Amino acid sequence: MSITSLEHLTNDPETRIRDAVAAIEPGLVAIRRDIHAHPELAFEEVRTAGIVAAQLARLGIPHRTGIGRTGVVGTIEGARPGPTLAIRADMDALPIHEETGLPFASTVPGTMHACGHDIHTTTLLGVAEVLKGLAPQLAGRVLLVFQPAEEALGGAAAMVADGVLEGVDMALGFHNQPDMPVGRFGYVRGSTLAAADRFDLLVQGKSGHAAHPEKAVDPIVAAGAFIAGAQTVVSREIDPLMPAVVTIGMIHGGGAPNIIPETVELRGTVRTLHKESRDTAEAALRRLAAGIDALHRTRCTLTYRRGVPPLVNADSVLDPAIAAVRRQLGEVIAEGKPSMGAEDFAEFAERVPAFQLRIGSGAPGRQDALHNDRYQPDERCIGLGVQALSRIALDILA
Numbered sequence: 001m002s003i004t005s006l007e008h009l010t011n012d013p014e015t016r017i018r019d020a021v022a023a024i025e026p027g028l029v030a031i032r033r034d035i036h037a038h039p040e041l042a043f044e045e046v047r048t049a050g051i052v053a054a055q056l057a058r059l060g061i062p063h064r065t066g067i068g069r070t071g072v073v074g075t076i077e078g079a080r081p082g083p084t085l086a087i088r089a090d091m092d093a094l095p096i097h098e099e100t101g102l103p104f105a106s107t108v109p110g111t112m113h114a115c116g117h118d119i120h121t122t123t124l125l126g127v128a129e130v131l132k133g134l135a136p137q138l139a140g141r142v143l144l145v146f147q148p149a150e151e152a153l154g155g156a157a158a159m160v161a162d163g164v165l166e167g168v169d170m171a172l173g174f175h176n177q178p179d180m181p182v183g184r185f186g187y188v189r190g191s192t193l194a195a196a197d198r199f200d201l202l203v204q205g206k207s208g209h210a211a212h213p214e215k216a217v218d219p220i221v222a223a224g225a226f227i228a229g230a231q232t233v234v235s236r237e238i239d240p241l242m243p244a245v246v247t248i249g250m251i252h253g254g255g256a257p258n259i260i261p262e263t264v265e266l267r268g269t270v271r272t273l274h275k276e277s278r279d280t281a282e283a284a285l286r287r288l289a290a291g292i293d294a295l296h297r298t299r300c301t302l303t304y305r306r307g308v309p310p311l312v313n314a315d316s317v318l319d320p321a322i323a324a325v326r327r328q329l330g331e332v333i334a335e336g337k338p339s340m341g342a343e344d345f346a347e348f349a350e351r352v353p354a355f356q357l358r359i360g361s362g363a364p365g366r367q368d369a370l371h372n373d374r375y376q377p378d379e380r381c382i383g384l385g386v387q388a389l390s391r392i393a394l395d396i397l398a
């Protein structure tokens, strides 16, 4: 049954949406498997964007391509004036070699949809088809945002730079969650995902013989002092009720056991859920680097780059979304905990009121995790996600 025949279904929204999704779900699974078998990395989603554009064209949904380099944006106009709701899905894969053994496993060596963005893209295509049929009941406009390069934390910013949020009043995002069983949904009030910032530290010393350290300036000792001091940023400078993580993931210096090297390089990340702790962490690391110079006679060059901001859910979108999910699917949604992971939907949420819905994708008997070479989400999350997101849009734009 085509979605274009929605007018022949019952006027009850729950039944209309459920029946419409049941009719298109097999086709959506087929699309997901095709996308999964042909994954594309950040800003390379040419084939995936082509599938999206072709499906929107089939549905008669006006759309634009090349937004944020490889993004696609479709528009569904309601029958009455009202606000504009953007619904966003990401499309890119990860540089991971797939080891699932599935018949539709990646055909691209070293590249895999290990975060479920194939699920997200397909889910939004399903939402597009359902909402196209429900357009006469909508007051306002739905913007269908298919975003590239989430894994690089750059696709959202690229689409924003191309004007994707012009005229948008609110935004809705979603992500599959393998730690939640399929059929369950989740939300977090306020800060839900962390800001992700990065720093590089170059410690310049003076090379010398290990037997004569007094004639050298040891950057390894200085780097060690920086590493030890960095651990106190969270424990002694940030409010313990505001989560933060400082991690140094790379250190390189020296080439022989009996030579004090000229330089040491460190690289790390800072993740915070609140603006205050984000500012505090950056200021503390800068001060620490300057102090190392004074104490160890080194020359430290700290390069600090802010990435995506914290993702903060707005109650004005969250509350009606939760109510809509419950009206459509029952008591299947519950409050969860924030995560220190990052997500560039935060670029949208920083500019307009927004909410990111968590959609359970855990398959019975499995203990999957995102970014894993054996990740196998339960495909039933596609249809359930389409139901939830379609009902949210319908109720918000009623």
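full-length UniProt numbering puts the first residue of the sequence shown at 1, with every later residue one more than the last. Using N, Cα and C, we set each Cβ at its ideal position, and we do this for glycine too. All values reported here derive from a predicted model rather than from experimental measurement.
Bridge-paired residues (DSSP) for residue i
i: residue 401; result: Beyond the ends of the chain as shown, which are 1 and 398, falls residue 401; an answer cannot be given.
i: residue 305; result: 198
i: residue 63; result: 74
i: residue 333; result: 185
i: residue 217; result: 206
i: residue 86; result: 143, 171
i: residue 242; result: In the DSSP output, where bridge partners are listed per residue, residue 242 has none listed.
i: residue 356; result: 173
i: residue 300; result: 203
Length of the line joining the Cα atoms of residue i and residue j
i: residue 348; j: residue 354; result: 7 Å
i: residue 247; j: residue 239; result: 18 Å
i: residue 156; j: residue 196; result: 14 Å
i: residue 27; j: residue 68; result: 28 Å
i: residue 206; j: residue 368; result: 49 Å
i: residue 136; j: residue 52; result: 23 Å
i: residue 59; j: residue 200; result: 48 Å
i: residue 397; j: residue 104; result: 37 Å
i: residue 23; j: residue 32; result: 16 Å
i: residue 61; j: residue 301; result: 52 Å
i: residue 75; j: residue 386; result: 17 Å
i: residue 285; j: residue 166; result: 36 Å
i: residue 335; j: residue 187; result: 5 Å
i: residue 322; j: residue 328; result: 10 Å
i: residue 244; j: residue 171; result: 26 Å
i: residue 173; j: residue 83; result: 17 Å
i: residue 306; j: residue 178; result: 29 Å
i: residue 258; j: residue 266; result: 21 Å
i: residue 129; j: residue 122; result: 11 Å
i: residue 304; j: residue 281; result: 11 Å
i: residue 154; j: residue 208; result: 42 Å
i: residue 260; j: residue 162; result: 50 Å
i: residue 366; j: residue 337; result: 22 Å
9 Å Cβ cutoff, residue i in contact with chain B
i: residue 312; result: Here there is only one protein chain, and chain B is not present.
Residue i classed as buried or exposed, judged by whether at least 16 other C-beta atoms fall within 10 angstroms
i: residue 12; result: exposed
i: residue 231; result: exposed
i: residue 1; result: Since pLDDT at residue 1 reaches only 37, below the 50 mark, its modelled position is unreliable, and the value read off the structure follows with that caveat. That one is exposed.
i: residue 453; result: Coverage of the chain is limited to positions 1 through 398, which leaves residue 453 absent and any answer about it impossible.
i: residue 252; result: exposed
i: residue 297; result: exposed
i: residue 279; result: exposed
i: residue 235; result: exposed
i: residue 126; result: buried
i: residue 241; result: exposed
i: residue 343; result: buried
i: residue 276; result: exposed
i: residue 102; result: exposed
Check: residue i C-beta below 8 Å from any heavy atom of the ligand HEM
i: residue 253; result: This structure lacks the ligand HEM; in fact it carries no ligand of any kind.
Nonlocal neighbours in the same chain, by C-beta distance under 7 Å from residue i, ignoring five residues either side
i: residue 299; result: 204, 293
i: residue 107; result: 37, 38
i: residue 80; result: 139
i: residue 7; result: Residue confidence for residue 7 is low, a pLDDT of 46 falling below 50, so the modelled location carries little weight; the figure read from the coordinates is stated next. There are no such residues.
i: residue 309; result: 195, 346, 350
i: residue 341; result: 193, 194
i: residue 78; result: 135, 138, 139, 140, 141, 397
Spatial neighbours of residue i in its chain, beta-carbon cut-off 8 Å, leaving aside the 5 residues before and after
i: residue 49; result: 65, 70, 71, 72, 91, 146, 148
i: residue 47; result: 38, 40
i: residue 320; result: 392, 395, 396
i: residue 325; result: 185, 332, 333, 357, 388, 391, 392
i: residue 189; result: 313, 315, 318, 335
Close beta carbons around residue i, own chain, < 6 Å, minus the five adjacent residues each side
i: residue 264; result: 203, 219, 220, 223, 253
i: residue 56; result: 63, 74
i: residue 316; result: 353
i: residue 42; result: 92, 149, 151, 152
i: residue 34; result: none
i: residue 25; result: 383
i: residue 120; result: 89, 90
i: residue 21; result: 383, 386, 387
i: residue 295; result: none
request  = Give a yes or no on contact between the region 373–386 and the region 96–105, applying the rule of three or more CB pairs nearer than 8 Å.
outcome  = Contact annotation: the region 373–386 touches the region 96–105, with at least three C-beta pairs closer than 8 Å.
inquiry  = I want to know whether the region 375–391 touches the region 176–190 - three or more CB-CB distances under 8 Å.
reply    = Contact annotation: the region 375–391 touches the region 176–190, with at least three C-beta pairs closer than 8 Å.
ask   = Would you call the region 84–94 and the region 138–147 in contact, with 3 or more CB pairs under 8 Å?
value = They touch, by the three-pair rule.
inquiry  = For the structure I just gave you, are there three or more beta carbon pairs, one from the region 204–215 and one from the region 355–367, closer than 8 Å?
reply    = No: fewer than three Cβ pairs fall under 8 Å.
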